[in-house]
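From first to last, the protein sequence lines are chains A and B.
Note that the numbering used here has the first sequence beginning at 1198, numbered continuously upward.
Note that the numbering used here has the second sequence beginning at 1198, numbered continuously upward.
There are 2 protein chains.
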Amino acid sequence: MTRLSRHLPILEWGRQYRSSTFTNDLVAAVIVTIMLIPQSLAYAMLAGLPPEVGLYASILPLVAYAIFGTSRTLAVGPVAVVSLMTATAIGEIAAQGSESYLVAATLLALISGVMLVAMGLFRLGFVANFLSHPVISGFITASGLLIAAGQVRHLLGVPSSGHTLPEIVTSLVENLPSTNFPTLVIGVGVLAFLYFVRLKLKSVLVALGIKPRLSDIATKAGPVLAVAVTILAAAALNLGEEGVPLVGAIPQGLPVPALPIFDIDMIRALAAPALLISLIGFVESVSVAQTLAAKRRQRIIPDQELIGLGAANIASGISAGYPVTGGFARSVVNFDAGAETPAAGIYTAVGIALATLFLTPLLANLPQATLAAAIIVAVLSLVDFAAVRRVWAYSKADFSAMAATILGTLFLGVEIGVVMGVLLSLLLHLYRTSRPHMAVVGQVPGTEHFRNVDRHQVITSPDILSLRVDESLYFANTRYLEDRVAELVADRPELKHVVLMCSAVNAIDASALESLEEINHRLNDAGITLHLSEVKGPVMDRLKRSHFLDDLTGSIFLSQYDAIVDLNAMR
Amino acid sequence: MTRLSRHLPILEWGRQYRSSTFTNDLVAAVIVTIMLIPQSLAYAMLAGLPPEVGLYASILPLVAYAIFGTSRTLAVGPVAVVSLMTATAIGEIAAQGSESYLVAATLLALISGVMLVAMGLFRLGFVANFLSHPVISGFITASGLLIAAGQVRHLLGVPSSGHTLPEIVTSLVENLPSTNFPTLVIGVGVLAFLYFVRLKLKSVLVALGIKPRLSDIATKAGPVLAVAVTILAAAALNLGEEGVPLVGAIPQGLPVPALPIFDIDMIRALAAPALLISLIGFVESVSVAQTLAAKRRQRIIPDQELIGLGAANIASGISAGYPVTGGFARSVVNFDAGAETPAAGIYTAVGIALATLFLTPLLANLPQATLAAAIIVAVLSLVDFAAVRRVWAYSKADFSAMAATILGTLFLGVEIGVVMGVLLSLLLHLYRTSRPHMAVVGQVPGTEHFRNVDRHQVITSPDILSLRVDESLYFANTRYLEDRVAELVADRPELKHVVLMCSAVNAIDASALESLEEINHRLNDAGITLHLSEVKGPVMDRLKRSHFLDDLTGSIFLSQYDAIVDLNAMR
């Protein structure tokens, strides 16, 4: 693979493009387009943006990802969680419905795109590793709840506001008396229909003799049917005049690519949210892409994925869109419908462009309640309490990071929630590795093995202390090591030798080196010799670059057994 | 040891107090008092505070530490680095010389004390582990340079300001023309004298037949002699009228304990600097205490040290002082002079109290240049470029954290410098552990050992992939593991089994568990079975609390050898 085709995966797959592939990609693209139209409108509404912005975010970004992305089947576009984060981020600096709200949305996509491309070029994708699974999972669950709660107002047809659960609930309760009943009927009706489609339709279709894969795809078309029926109902019954909020006129035509207005204050205010959106979007997208690629034994290249998603967001930023990423449900449909190459994404983009040009007049009568119901059904499937239970059973530390993320997101806001979770998981990781497992070991009689004195019947002698450290030594745990050695030495007046058994030490950083020097020095002051045993090759290579081995009062032994034999022989 | 005496170490050593101990402690206390008087004045000047504040910070805090601290010989009081951090922190919210500057100093001590006690009670001392050795060492070096640069103005007798090196240098250059020559003569003279004392006096005294230990202590009295001589010179030559800045009148009498004025905005502004001061002070102090305790095979208890230092700072906060911690040079003198118990600290406090009551009139004629010269000599001994070279040779990652700390501290300020260093060392640690060493292994012919295929002649088979992971699995490296497995699998069309060899995996967190489940699932989709081998006991116990073992497509083997034998037998 040349350097150029590594950064332009389209050169790779484009070269082998055949007509059978074209047919498969086209079929998948048609299905994804049908699914994406209502999704685009709905997620734009969730982000507080006019419906056409959702459509714009589903055209050029898909083409950009097809050129630069490494997943064959990932379907990029507006997604729920990123739309919520967009609403929060730009809601803080501009009023919804204002011109600057639109500018902020495109800027946010552009900044996020530039950040993603930069991370890809400088191979900084590892930054996404800060987001642990429990934090991501907790965040998605909490976001799902928050989004669902926020959409209830559209089911009721009332104005309402708020970025946290208490704000949303308070505002809803206040506005409850002004509920619009036709809206409520549509909203609840669509909700019930969509739940039927999701939970029952497949088995009904299968019972009717339709193939499971086709049935699967058909159930994904539920929202499209709901959209069509409620548009017809709204038009026939003139529901707009009954006070039912409708999508309204959508400008016909395609966005003309242009750089958004550069506002330095706005860029500064959006930088932190853009980073969070980039990271969350990347993590979600890569995980979908990995899962799908694995099914066909294909590979994705995470650093190039950053560039692909970055290009998609830059494309969104210059075509009046807003932040996008790879969507889970949509990508699965694309994959199941038989998409073979990213060309399917280009055909989908053409489909959405055609819809934007010719279908938008039909959408004016679409009730917002229909979109809200579609959003609620989609996001509630993201809420995963089972994961919370699993994490609780597996690890209390991980659970507390997850709980902090969920509670922080629901009660303090999405950005604070993620940051709290990330900080807490880092703290807990450092806490765990700062108190590594260490065992005083002794020789198992008749063998060359050494085991924990607390768990096994082993041979020890009062003048030799053998200590096994079960963790790499680095700044977070060196002081603990110093304390532990000091403690063990203080209890043993007859002690003459300390042997640190390093079989599980994968690395020793500069802090740990200084601590070892300090321990060596302190033991020497107390008339005790320090030895090491079973030091790994790479660790030893590094130690040779310091003065430690010259200053060490004792020796480095290849094995703990050698150490004991030699020290006993010296007596 | 009862719970009470664990939190009140004085009950432990006080019970066994004898008259011989009393004599030894008293002698040490007299020597430390003589050393501490000029230090208190000098460090108060460095913190931008009136001289008496330095004396106050050397009375009650010493008594509090003697009651609560666990080190037998640590000498608490004002120290250079903490004084610099105090000047920076309170300089941002109050004008030097104003009443609120004094209030801020006491509040800072009080907040820092409360934080330290809280950390001690909740066993949060591990937070100090965030400060790696290279960061601390770089910070001390940079602070030393910054302090020395900041004191040059006192040698010249000019006004000057600034908290960063460029600010200090610019301000000095501007004020250079107004240099006061008598001040310069005193300053440079004292500087030369102190360097002579430090570098040559000991060998001169030893050559004269005085014992090395006594000579050592005598060299520490250099500043006292310089103080006495320059006071006499200033009084005799009436240097105050020549424009030589003098210490001036110091209020006679002791501070009356009182809570500082509570100003909520001020507390909020001081919280972050107080935390940094607490952590830096604690780390420095514990390291001194550990070193001294080790020499006599004594123990210190880090969590109780937090309480001891916290009590000292609270005492400082309620007696018109400012933040204190254990000082290196002073503690070594205390130790060398024969102090046996913390009672020496109490006697030192009495000594300083007497000095405050009766000696202060003598100090009015002390030139500030003398104190500045003493500070410069003291802090330049903290500057350790050799450590920078050592870290460079040992590890480029640690070096870059150190360089960031030094440059950040010098050019952006002490707080930013430390924070930059801490964040960078965390990032680099995560980066390192996020790409753990993994080796595809094969069987060494004729043995049960498995080694890296790239380094050894080993037996492998095309349908089995054995992968050894040399790091605990946690959120920062799980995605790398997923990527690596995906990559290895994509290259091997004949693959049927993947065996993860976990001999160096000390822990698997919830993120890693999910990644393993995902890997298992993805491999299954590709028709490949996943096995684990050599899983450690505690890791296995935890895995049993999840569904992973039920879902695992393959088996858990006790050893890699068992895995290969079994998988070959299945063929």
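Just so you know, even glycine gets a beta-carbon here, dropped at the ideal spot from N, CA and C.
Inter-residue Cα distance where the pair is residue i and residue j
i: Val1394/B; j: Leu1352/B; result: 19 Å
i: Val1483/B; j: Leu1713/A; result: 16 Å
i: Ser1412/A; j: Leu1577/A; result: 22 Å
i: Ile1705/B; j: Val1650/B; result: 25 Å
i: Pro1659/B; j: Asn1765/B; result: 12 Å
i: Arg1768/B; j: Val1260/A; result: 47 Å
i: Ser1663/B; j: Leu1627/A; result: 30 Å
i: Met1198/B; j: Ile1207/B; result: Caution applies to Met1198/B, whose pLDDT of 49 falls short of 50 and renders its modelled position unreliable; the model cannot decide the point.
i: Ala1709/A; j: Phe1647/B; result: 29 Å
i: Leu1559/A; j: Gly1386/A; result: 21 Å
i: Val1180/A; j: Gly1335/B; result: The question about residue 1180/A has no answer here: the residues shown for chain A are numbered 1198 through 1768.
i: His1204/B; j: Arg1269/B; result: 15 Å
i: Phe1582/A; j: Val1588/A; result: 10 Å
i: Cys1699/B; j: Arg1665/B; result: 6 Å
i: Gly1523/A; j: Val1370/A; result: 35 Å
i: Met1635/A; j: Ala1683/A; result: 14 Å
i: Tyr1214/B; j: Thr1538/B; result: 9 Å
i: Phe1459/B; j: Leu1304/B; result: 8 Å
i: Leu1238/A; j: Gln1449/A; result: 14 Å
i: Ile1477/B; j: Val1227/B; result: 28 Å
Cross-strand partners of residue i (DSSP beta bridge)
i: Phe1479/A; result: Answer by DSSP bridge pairing: none, since Phe1479/A is not bridged.
i: Gln1640/B; result: Phe1647/B, Ile1656/B
i: Leu1443/A; result: Pro1564/A
i: Val1753/B; result: Reading off the sequence, residue 1753/B comes out as Ile, not Val. Beta-bridge pairing links Ile1753/B to Leu1729/B.
i: Ile1705/B; result: Leu1670/B
i: Ile1661/B; result: Ser1658/B, His1694/B
i: Gly1274/A; result: Thr1522/A
i: Met1635/A; result: Val1666/A
Continuous alpha helix (DSSP H) stretch holding residue i: start and end
i: Ile1308/A; result: 1296-1318
i: Pro1773/B; result: Outside the modelled stretch of chain B, which goes from 1198 to 1768, sits residue 1773/B, for which no answer is possible.
i: Phe1596/A; result: 1593-1609
i: Arg1739/A; result: 1734-1740
i: Ile1264/B; result: 1257-1265
i: Phe1459/A; result: Taken as a continuous stretch (DSSP letters only), Phe1459/A belongs to no alpha helix (DSSP H), as it is neither H nor E.
i: Asp1748/A; result: 1745-1748
Residue i - containing beta strand (DSSP E), residue span
i: Val1696/B; result: 1694-1698
i: Ser1730/A; result: 1726-1730
Cut-off 6 Å between Cβ atoms - residues of its own chain near residue i, not counting five sequence neighbours on either side
i: Ser1358/B; result: Ser1368
i: Gly1639/A; result: Val1650, Val1655, Ile1656, Thr1657
i: Met1282/B; result: Ile1474, Val1611
i: Trp1210/A; result: Thr1538
Rounded Cβ spacing between residue i and residue j (contact assumed at less than 8 Å)
i: Val1702/A; j: Leu1727/A; result: In fact, because the Cβ distance is near 15 Å, the residues do not count as touching under 8 Å.
i: Ile1290/B; j: Ala1471/B; result: Incorrect: roughly 12 Å between the Cβ atoms, too far for contact.
i: Gly1266/B; j: Asp1500/B; result: That pair is no contact at about 12 Å.
i: Ala1263/A; j: Ile1543/A; result: 5 Å
Same chain, Cβ closer than 8 Å to residue i, five either side skipped, listed in chain order
i: Leu1362/B; result: Leu1342, Leu1343, Ala1346, Leu1607, Phe1608
i: Ser1756/A; result: Glu1645, Ser1730, Glu1731
Same chain only: Cβ atoms within 7 Å of residue i, ignoring 5 sequence neighbours per side
i: Leu1621/B; result: Ser1597, Ala1598, Ala1601
i: Val1619/A; result: Phe1327, Leu1328, Val1332
i: Pro1452/A; result: Tyr1253, Ser1516, Ala1517
i: Ile1337/A; result: Val1278, Leu1579
i: Gly1771/A; result: The structure shown does not extend to residue 1771/A, since chain A spans only 1198 to 1768, so no value can be given for it.
i: Ala1151/A; result: Here chain A comprises residues numbered 1198 to 1768, so residue 1151/A is not present and cannot be evaluated.
i: Gly1614/B; result: Phe1336, Ala1339, Thr1602, Gly1605, Thr1606
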